[in-house]
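Chains A and B, in that order, give the protein sequences.
Start counting the first sequence at 0; every next residue gets the next number (numbering that gives the first Met the number 0).
Start counting the second sequence at 0; every next residue gets the next number (numbering that gives the first Met the number 0).
For glycine and all other residues, C-beta sits at the position ideal for the given N, C-alpha and C.
Bear in mind the structure is a predicted one, so any value in this text is a computation, not a measurement.
Some notes on the structure that comes next.
Number of protein chains: 2
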Amino acid sequence: MSPISPELQRVIDLLAKLPGLGPRSARRVALYLVKRKDTALRPLARALEEAAGAIRTCTTCGNLDTRDPCTVCADNRRDPATICVVEEVGDLWALERAGVFKGRYHVLGGTLSALEGVGPGDLNIASLIERAKPDDVQEVILAVDATVDGQATAHYLSDQLAGAGVTITHLAHGVPVGGELDYLDEGTLAAALKARRSY
Amino acid sequence: MSPISPELQRVIDLLAKLPGLGPRSARRVALYLVKRKDTALRPLARALEEAAGAIRTCTTCGNLDTRDPCTVCADNRRDPATICVVEEVGDLWALERAGVFKGRYHVLGGTLSALEGVGPGDLNIASLIERAKPDDVQEVILAVDATVDGQATAHYLSDQLAGAGVTITHLAHGVPVGGELDYLDEGTLAAALKARRSY
Numbered sequence: 000m001s002p003i004s005p006e007l008q009r010v011i012d013l014l015a016k017l018p019g020l021g022p023r024s025a026r027r028v029a030l031y032l033v034k035r036k037d038t039a040l041r042p043l044a045r046a047l048e049e050a051a052g053a054i055r056t057c058t059t060c061g062n063l064d065t066r067d068p069c070t071v072c073a074d075n076r077r078d079p080a081t082i083c084v085v086e087e088v089g090d091l092w093a094l095e096r097a098g099v100f101k102g103r104y105h106v107l108g109g110t111l112s113a114l115e116g117v118g119p120g121d122l123n124i125a126s127l128i129e130r131a132k133p134d135d136v137q138e139v140i141l142a143v144d145a146t147v148d149g150q151a152t153a154h155y156l157s158d159q160l161a162g163a164g165v166t167i168t169h170l171a172h173g174v175p176v177g178g179e180l181d182y183l184d185e186g187t188l189a190a191a192l193k194a195r196r197s198y
Numbered sequence: 000m001s002p003i004s005p006e007l008q009r010v011i012d013l014l015a016k017l018p019g020l021g022p023r024s025a026r027r028v029a030l031y032l033v034k035r036k037d038t039a040l041r042p043l044a045r046a047l048e049e050a051a052g053a054i055r056t057c058t059t060c061g062n063l064d065t066r067d068p069c070t071v072c073a074d075n076r077r078d079p080a081t082i083c084v085v086e087e088v089g090d091l092w093a094l095e096r097a098g099v100f101k102g103r104y105h106v107l108g109g110t111l112s113a114l115e116g117v118g119p120g121d122l123n124i125a126s127l128i129e130r131a132k133p134d135d136v137q138e139v140i141l142a143v144d145a146t147v148d149g150q151a152t153a154h155y156l157s158d159q160l161a162g163a164g165v166t167i168t169h170l171a172h173g174v175p176v177g178g179e180l181d182y183l184d185e186g187t188l189a190a191a192l193k194a195r196r197s198y
C-alpha cells in the first residue's frame, strides 16, 4: 500500500503532467508545498484560482490578459500598422522583454504540423488574414521559431498573405549575441555569412 | 510595461520558488496551465486546496497523512519494535517504494546543520528518544543521507540513544545496484571493499 494519501497523490499526479516536471520532481514539489501550507501551498492554490477566473484570451490577437482587447491591443501608442506573428504567448513575452517592438502582435497558438495533425483551421490564421488588410496594416512580421514546423507555418502564411498587399518579413538569421562561432551549427553560420553586413 | 498581467505574474512568482523551477520554467508552466484552465489549472488549484485542508503531520512519527496517527503508525501488521529514522517524508516514501521494510518510521524533519543553524531542538529528536524505550523498541535504524550533515546527525542520535538499551544500526554503504565501478567515488569503493561479503 502506498504511504502517500490520495489527496497528496492527486497533487503529485497533476504536478507530474506539467512541462519540465516528472514523477520525481512532482513528489519533491508536493512535499515542499505541504510542508509550507500557509506560505506556499494555499497562496499558490489561491493565485491559480484567481488566474483561472481573471485571465482570458484576447479575441483580437490571442494574447492572454485580464482584459479583452488585451493591454497590448488596447495601447494606442503601439503602431497598429505592424503585426508581429508569434507561435505562442510565451514568444510574445520574450519579444516584449527585448523591448524593441512597438507594434501589435498576433498569437497563432502553435504551428502547422502534419505529424501532430495540426491544420490551418486549428490555428488563429483566419483572424490574422482578417486583420492584415492593407488599409490598416503595412507589415506582417512572421516571428516563428526557426524549426521545421515553424518555417513550414511561415511559408504557408506568406502564401496566404501574398495577395493582401502587405509587406511580409521574417526575423534575421545569424549568430546569437554572445554566441561563440565554434558552438554554432553549419546552417546558422551559413545564414550569418550570407546575410553579412558592412560596418 | 510587462505584458504579463499581475494575476499571472503572481502565479509565475509562486511557481518560480518551487524546488527545481526557475523563472523561465515557471513561465512555461504558468502558460501551460492558463491554456488548459479546465483540464489542468482548476483541477490543480482544487487539489492543492484539498490537500491543504486534509493533510496533517502525524504526531507520532512526523509522516504526512490525512489521519493522525498516520496509516503507517496505525497499521498493526507493522512491527512496532523497529523504528527507521529518516530525514524527510520523501525518504519514507522512497523506502516504502523499496517495499522491504515492515517496521515503523520516525521523520526528523531535516538534519543538524551548524552552518544553517539547525540544532537538536529544531528536529523531532525529543519525540524519537521518547519512543525508543527498550520495552517497546528493539532496534532503531538511522536511515539518514550519507552526507556530512546526515552523518553528523546520525552520530548525535546514536550518542543520545546509547543509554536507551536499543540496538542502533545504519544502512549499509556499498556499490548501488546497477552501478558501474568506474563511475563511483573512492569513498564508496573503499566502503564496499571493506564491507565485502562471501558468496
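Taking DSSP as the reference, what is the three-state secondary structure of residue i?
i: His-169 of chain B; result: strand
i: Asp-144 of chain B; result: coil
i: Arg-55 of chain A; result: strand
i: Glu-138 of chain B; result: strand
i: Val-88 of chain B; result: helix
i: Val-117 of chain A; result: strand
i: Pro-42 of chain A; result: helix
i: Arg-196 of chain A; result: coil
i: Leu-47 of chain A; result: helix
i: Asp-181 of chain A; result: helix
i: Asp-37 of chain A; result: helix
i: Leu-122 of chain A; result: coil
Identify the continuous alpha helix (DSSP H) that holds residue i and give its terminal residues.
i: Thr-81 of chain B; result: From DSSP, Thr-81 of chain B is part of no alpha helix (DSSP H) but of the beta strand (DSSP E) over 78 to 85.
i: Val-147 of chain A; result: 147 to 160
i: Asp-12 of chain A; result: 5 to 15
i: Thr-110 of chain B; result: Unbroken run through Thr-110 of chain B: none, as it is neither H nor E.
i: Tyr-31 of chain B; result: 22 to 34
i: Cys-60 of chain B; result: Looking at the DSSP string, Cys-60 of chain B is not in any alpha helix (DSSP H), and its letter there is neither H nor E.
i: Gly-186 of chain B; result: 185 to 193
i: Val-71 of chain B; result: 70 to 73
i: Glu-129 of chain A; result: 125 to 130
Given a cut-off of 9 Å on the beta-carbon distance, is the pair residue i and residue j in contact?
i: Pro-133 of chain A; j: Tyr-155 of chain A; result: no
i: Ala-189 of chain B; j: Ala-171 of chain B; result: no
i: Val-220 of chain A; j: Ala-191 of chain A; result: Residue 220 of chain A is absent from the structure shown; chain A starts at 0 and stops at 198.
i: Ile-124 of chain B; j: Gln-159 of chain B; result: yes
i: Leu-30 of chain A; j: Leu-43 of chain A; result: no
i: Leu-111 of chain A; j: Asp-144 of chain A; result: no
i: Ser-200 of chain B; j: Thr-70 of chain B; result: Given a span of 0 to 198 for chain B in the structure shown, any question on residue 200 of chain B remains unanswerable.
i: Glu-85 of chain A; j: Tyr-104 of chain A; result: Note on residue identity: the sequence assigns Val, not Glu, to residue 85 of chain A. In contact: Val-85 of chain A and Tyr-104 of chain A (Cβ atoms closer than 9 Å).
i: Val-106 of chain A; j: Leu-91 of chain A; result: yes
i: Gly-102 of chain B; j: Arg-130 of chain B; result: no
i: Ala-50 of chain A; j: Glu-6 of chain B; result: yes
i: Leu-183 of chain B; j: Thr-152 of chain B; result: no
i: Leu-47 of chain A; j: Leu-180 of chain B; result: no
i: Ala-73 of chain A; j: Ile-128 of chain A; result: no
Between which two residues does the beta strand (DSSP E) harbouring residue i extend?
i: Arg-103 of chain B; result: 102 to 106
Just to confirm my understanding: we take residue i, look at its own chain, exclude 5 residues before and 5 after, and list those with CB closer than 8 Å. What are they?
i: Thr-56 of chain A; result: Asn-62, Leu-63, Asp-67
i: Gln-200 of chain B; result: The structure shown has nothing for residue 200 of chain B, since chain B only spans 0 to 198.
i: Ile-54 of chain B; result: Leu-63, Asp-64, Thr-65
i: Leu-20 of chain A; result: Leu-14, Val-28
i: Ala-97 of chain B; result: none
i: Ser-1 of chain A; result: Gln-8
i: Gly-109 of chain A; result: Glu-86, Glu-87, Val-117, Asp-121, Leu-122
i: Ala-142 of chain B; result: Cys-83, Val-84, Val-85, Asp-90, Leu-94, His-169, Leu-170
i: Asp-202 of chain A; result: Nothing can be reported for residue 202 of chain A: it is not among the residues displayed for chain A, which extend from 0 to 198.
With a threshold of 6 Å on Cβ separation, who are the neighbours of residue i within its own chain once the five nearest residues in sequence on each side are excluded?
i: Asp-140 of chain A; result: The residue you asked about is not Asp; residue 140 of chain A is Ile in the sequence shown. Hits under 6 Å: Cys-83, Thr-168.
i: Ala-25 of chain A; result: Ile-11, Leu-14, Ala-15
Just checking residue i against the ligand HEM - is the residue's beta carbon closer than 8 Å to any of the ligand's heavy atoms?
i: Val-176 of chain B; result: Here there are no bound small molecules, and the ligand HEM is not part of this structure.
Give me, in chain order, the residues of the same chain whose beta-carbon lies closer than 7 Å to that of residue i; leave out the 5 immediate sequence neighbours on both sides.
i: Asp-37 of chain B; result: none
i: Val-88 of chain A; result: Asn-62, Leu-63, Val-106
Name the chain D residues that come within less than 7 Å of residue i, Cβ to Cβ?
i: Glu-6 of chain B; result: No chain D appears in the structure shown, which is made up of the protein chains A and B.
- prompt: Quick one, which residues of the stretch 13 to 28 of chain B are near chain A if we go by CB-CB under 8 Å, in chain order?
  reply: Leu-13, Leu-14, Lys-16, Leu-17, Pro-18, Gly-19, Leu-20, Ser-24, Arg-26, Arg-27, Val-28
- request: Taking a Cβ distance cut-off of 9 Å, strictly less, list which residues of the stretch 36 to 55 of chain B are near chain A, in chain order.
  value: Lys-36, Asp-37, Ala-39, Leu-40, Arg-41, Pro-42, Leu-43, Ala-44, Arg-45, Ala-46, Leu-47, Glu-48, Glu-49, Ala-50, Ala-51, Gly-52, Ala-53, Ile-54
- prompt: Closer than 9 Å, Cβ to any Cβ of chain A: which residues of the stretch 64 to 87 of chain B, in chain order?
  reply: Asp-64, Thr-65, Arg-66, Cys-69, Thr-70, Val-71, Asp-74, Glu-87
task: With 8 Å as the limit, tell me which residues of the stretch 89 to 102 of chain A have their beta carbon closer than that to any beta carbon of chain B; keep them in chain order.
output: Gly-89, Leu-91, Trp-92, Glu-95
task: Would you list, in chain order, the members of the stretch 110 to 143 of chain A that have their beta-carbon closer than 8 Å to a beta-carbon of chain B?
output: none
task: Could you please tell me which residues of the stretch 161 to 177 of chain B, in chain order, have their CB closer than 7 Å to any CB of chain A?
output: none
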